[in-house]
Amino acid sequence: MIWAMTELIRSPRVMKKVQDEIRTTLEDKKERISEQDLNNLHYFKLMVKEIFRLHPAAPLLLPRETMSHIKIQGYDIPRKTQILINAYAIARDPKLWENPDEFNPERFVDSSVDYRGLNFELLPFGSGRRICPGMTMGITLVELGLLNLLYFFDWGLLENVGADKSINDDEVALDLVQVRRH
């Protein structure tokens with residue numbers, strides 16, 4: 001969730017757009033956000049998908065071992081070789097993604113790419129039989145946490161802290177302002 005907050009603070013346009021969607025869709029009458037509220041938030045879901053693309057929880061997937069001698073892209077890989085899949089590098093590959101290091105939820109607007117293991121250009125949770133068993137819970141927890149933060153608070157950097165200034169660990173640079181809902 002910290003990466004989501006970081007990317008949103010770096011991209012005020014995206015944060016405003018996602019907060020507008022959330023606050024318009026859920027209106028001003030909510031005291032408690034529920035899982036059902038997530039179903040109507042299209043841009044919010046795109047933003048979460050982009051966060052998982054840029055910042056996978058496990059940049060290297062669990063090691064795999066080849067069962068037989070294979071050839072991948074011209075490389076001979078002997079039987080019993082341990083292979084690591086770099087999900088971080090795949091998600092930032094310029095051959096697969098336009099401006100791969102840019103935080104851009106709109107890249108998924110007309111895309112069928114999903115992080116549930118069927119599209120090999122986006123594997124933050126792995127794929128196949130060994131996909132992360134906690135994927136659904138992890139996604140839901142991140143979504144609900146972010147949804148609550150974005151609905152109930154306006155947040156950003158303090159006025160005296162610019163995006164280009166380095167921040168020491170003992171400094172407080174984030175400003176959270178609760179939005180009154182009643």
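Sequential numbering from 1 applies to the sequence shown in UniProt numbering.
Beta carbons: idealized from backbone N, C-alpha and C, even for Gly.
Range of the contiguous beta strand (DSSP E) that encloses residue i
i     : result
Ile51 : It is not in any beta strand (DSSP E) - Ile51 instead sits in the alpha helix (DSSP H) that spans 42 to 54.
Bridge partner(s) assigned by DSSP for residue i
i     : result
Asp76 : Lys71
Arg64 : Ile83
Straight-line Cα distance separating residue j from residue i
i      : j      : result
Phe52  : Ala4   : 9 Å
Leu144 : Leu84  : 31 Å
His42  : Ile131 : 24 Å
Met1   : Ile90  : 21 Å
Thr81  : Gln73  : 16 Å
Ser11  : Met47  : 11 Å
Asp76  : Pro63  : 18 Å
Pro94  : Met67  : 31 Å
Pro133 : Leu38  : 21 Å
Burial state of residue i, where buried means 16 or more other Cβ atoms lie within 10 Å
i      : result
Gln36  : exposed
Leu8   : buried
Gln19  : buried
Ile139 : buried
Extent of the continuous alpha helix (DSSP H) run through residue i
i      : result
Arg116 : Premise fails: Arg116 is in no alpha helix (DSSP H) and is neither H nor E.
Trp3   : 2 to 10
Cβ pair residue i, residue j closer than 8 Å
i      : j      : result
Leu61  : Gly126 : yes
Lys30  : Tyr151 : yes
Pro105 : Pro56  : no
Arg107 : Glu21  : no
Thr24  : Asn40  : no
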